[in-house]
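Engineer:
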Amino acid sequence: MKTFSLVKSIIFSFVLLFAFFSSCIKEKKIDPDLSSNLSSENKIISFELINSDNGDKNLRGDIPGIVVDSDFTVSLKVPSDAIFEGLKVKVVISENASVSPKSGSEVTFDLVSGSTPEVYIKVFKVTAQDGSVQNYTVNITKSLSSDRSITSFVLEKSKNEGKIFADRIGFIDENATPPTVTLQVSDAATLDQLKPTIIKSGNSISPDNEAAVSFTNNSATDYKVTSGDGQEKTYKVTVIQSLSSDNKISEFKFTKDTNSNTGLLLTRSSTDTGEGRTGDVIISDNENTNTQTVSVKASTAADVAALIPTNNYTR
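Residues 42 to 356 (the working numbering) are what the sequence shown spells out, left to right.
1) Taking C-beta to C-beta, are Glu136 and Glu82 nearer than 8 Å?
2) Measuring CA to CA, which of Val119, Arg189, Ile134, Ser186 is closest to Tyr161?
3) Can you grab the Cα-Cα spacing for the pair Ile23 / Leu128, in whole Å?
4) For Ile240, collect the residues of the same chain with a Cβ closer than 7 Å to its Cβ; drop the 5 residues on either side in sequence, then sort them by chain order.
5) For a quick check, are the C-beta atoms of Arg209 and Leu185 less than 8 Å apart?
6) Write down every uninterrupted run of the beta strand (DSSP E) in the segment 119-197 whose length is 3 residues or greater and which is fully enclosed by it, in chain order.
7) Would Gly153 be called buried (16 or more neighbouring beta carbons within 10 Å of its own) or exposed?
8) Run the CB neighbour count on Gln234, radius 10 Å, all protein chains shown included, and call it buried at 16 or more, exposed below.
9) In whole angstroms, give me the CA-to-CA distance for Asp122 and Ile85.
10) What first and last residue would you give for the beta strand (DSSP E) that runs through Leu90?
11) What number of angstroms, rounded off, separates the C-alpha of Phe165 from the C-alpha of Gly243?
12) Ser144 and Lys163: beta carbons closer than 8 Å?
13) Our contact map puts Lys23 next to Ala253 with C-beta atoms below 8 Å; I'd like the distance itself, whole angstroms only.
14) When you compare only the Cα positions, how much space is there between Val108 and Ser268?
15) Helix, strand or coil for Ser199? Go by DSSP, reduced to three states.
16) For Thr412, collect the residues of the same chain with a Cβ closer than 6 Å to its Cβ; drop the 5 residues on either side in sequence, then sort them by chain order.
17) Mapping the DSSP letters down to three states, classify Asp214 as helix, strand or coil.
18) Which residue comes first and which comes last in the beta strand (DSSP E) that contains Ala207?
19) Identify which residue in Glu292, Asp188, Asn259, Ser286 has its Cα closest to the Cα of Ala207.
20) Tell me where the beta strand (DSSP E) around Glu273 begins and ends.
21) From what residue to what residue does the beta strand (DSSP E) around Thr267 run?
22) Where Pro237 and Asn201 are concerned, what is the direct C-alpha to C-alpha distance, given to the nearest angstrom?
23) Considering only the alpha carbon of each residue, which of Val174, Asn216, Ser245 lies closest to Glu273?
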């Protein structure tokens, strides 16, 4: 009989334990799991570059990004001379989420190799309250430059041998409409197939740098500069044959007076026509060698080591 009571007590204890555990299990099923109350939102709501936060980055104004949730990208377009190192970004994200890099922090964007126009990217990781992560790729496209100017236009003698006699630098007038480039060359210069050396800002120039071009005296030739964004500017380039090529001695003489050649035993002026001495000075040209020879007859008593000539020449 005692044995039966013992067995009965043990069974009753098991029933109580089972009921206790069952109630615990049911209680867990009834109480929601704490993690189910945590937000899973992990979106970028807005993305912007604020000009006042990036004063030295050449943004020229606030630049909002276009957020596309379907492919988790943000796109922005900035000026061609914008600086991509240390940009401060303003990022608005889902409530209770976090983002890396943080909003307001300095971020350096990386150039996509070979991109035209240039594209810079950075991945921003948005983490929801429940720990779920969503990456957004931020693409910043550099606008193509609108620069289109001729900054130097020179005819170099070394690149135009036998055509010009010295380097000739063009005068650039950006205030003219259209802008102009003017060069002064010798009246004996050859204007056919000249090769100007040109420095430009822009994507291309036509005719190209050092391309052979035949100019006409005092008549404009068009040079067109095209910027990276496709805008064009035309310069009127004019070569003028205004510099004299005369470079010869036209007169050469020694004059005997109280101011020159005193005490040098010069017995008369070398061009003293009164004595019929015009033949004392002979100027001869050698066209083959482009040289001149001046021959002067003087007295055998003259001290020729310190004579002071008077000469005229053409320029």
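In this text, a Cβ means the ideal position worked out from N, Cα and C, and glycines have one as well. Owing to the predicted nature of the structure, the values given are computational and were not obtained by experimental measurement.
Structural biologist: In short:
1) In the sequence shown, residue 136 corresponds to position 95, counting from 1. In the sequence shown, residue 82 corresponds to position 41, counting from 1. Yes, Cβ-Cβ distance for Glu136 and Glu82 is below 8 Å.
2) As a working note, residue 161 is residue 120 in the sequence shown. Residue Val119 holds the alpha-carbon nearest to the alpha-carbon of Tyr161 among Val119, Arg189, Ile134, Ser186.
3) Because the chain spans 42 through 356 in this model, residue 23 falls outside it and cannot be assessed.
4) Here residue 240 refers to the residue found at position 199 of the sequence shown. Hits under 7 Å: Thr192, Ser193.
5) Taking the sequence shown and counting its residues from 1, the one referred to as residue 209 is at position 168. Taking the sequence shown and counting its residues from 1, the one referred to as residue 185 is at position 144. Not closer than 8 Å, so no.
6) Fully enclosed beta strand (DSSP E) runs of 3 or longer: 128-134, 139-141, 160-168, 174-183, 190-196.
7) Here residue 153 refers to the residue found at position 112 of the sequence shown. A quick correction: the sequence has Val, not Gly, at residue 153. Exposed, by the Cβ-count rule.
8) For the purposes of this step, residue 234 is taken as the residue at position 193 of the sequence shown. By the 10 Å Cβ count, Gln234 comes out exposed.
9) Stepping through the sequence shown from its first residue, residue 122 is reached at position 81. Stepping through the sequence shown from its first residue, residue 85 is reached at position 44. Each residue's Cα considered, the two are about 27 Å apart.
10) Position 49 of the sequence shown, counted from the start, is the residue given in the question as residue 90. Segment 85-90, the beta strand (DSSP E) holding Leu90.
11) What you label residue 165 is simply residue 124 of the sequence shown in a count that begins at 1. What you label residue 243 is simply residue 202 of the sequence shown in a count that begins at 1. Phe165 and Gly243: Cα-Cα distance of roughly 34 Å.
12) Counting from 1 along the sequence shown, the entry for residue 144 is found at position 103. Counting from 1 along the sequence shown, the entry for residue 163 is found at position 122. Taking 8 Å as the Cβ cut-off, Ser144 and Lys163 do not qualify as a contacting pair.
13) Residue numbering for the chain in the displayed model covers 42 to 356; residue 23 lies beyond these limits and cannot be assessed.
14) Reading the sequence shown from its first residue, position 67 is the one you call residue 108. Reading the sequence shown from its first residue, position 227 is the one you call residue 268. Between Val108 and Ser268, the C-alpha separation is close to 30 Å.
15) As a first step, residue 199 is located in the sequence shown; it is residue number 158 there, counting from the start. Here Ser199 sits in helix by DSSP.
16) Nothing about residue 412 can be read from this structure; the chain reaches only from 42 to 356.
17) Locating residue 214 in the sequence shown gives position 173, counting from the first residue. In the structure shown, Asp214 sits in a strand (DSSP, three-state: E or B).
18) For this step, residue 207 is matched to residue 166 along the sequence shown. Ala207 -> no beta strand (DSSP E), and no H or E assigned at all.
19) Taking the first residue of the sequence shown as position 1, residue 207 is located at position 166. Of Glu292, Asp188, Asn259, Ser286, the residue nearest in Cα terms is Ser286.
20) Reading the sequence shown from its first residue, position 232 is the one you call residue 273. Segment 273-284, the beta strand (DSSP E) holding Glu273.
21) The residue given as residue 267 occupies position 226 in the sequence shown. Thr267 -> beta strand (DSSP E) spans 261-267.
22) Position 196 of the sequence shown holds residue 237. Position 160 of the sequence shown holds residue 201. Those two C-alpha atoms are separated by around 9 Å.
23) Here residue 273 refers to the residue found at position 232 when the sequence shown is read from its first residue. When only C-alpha atoms are compared, the closest one is Ser245.
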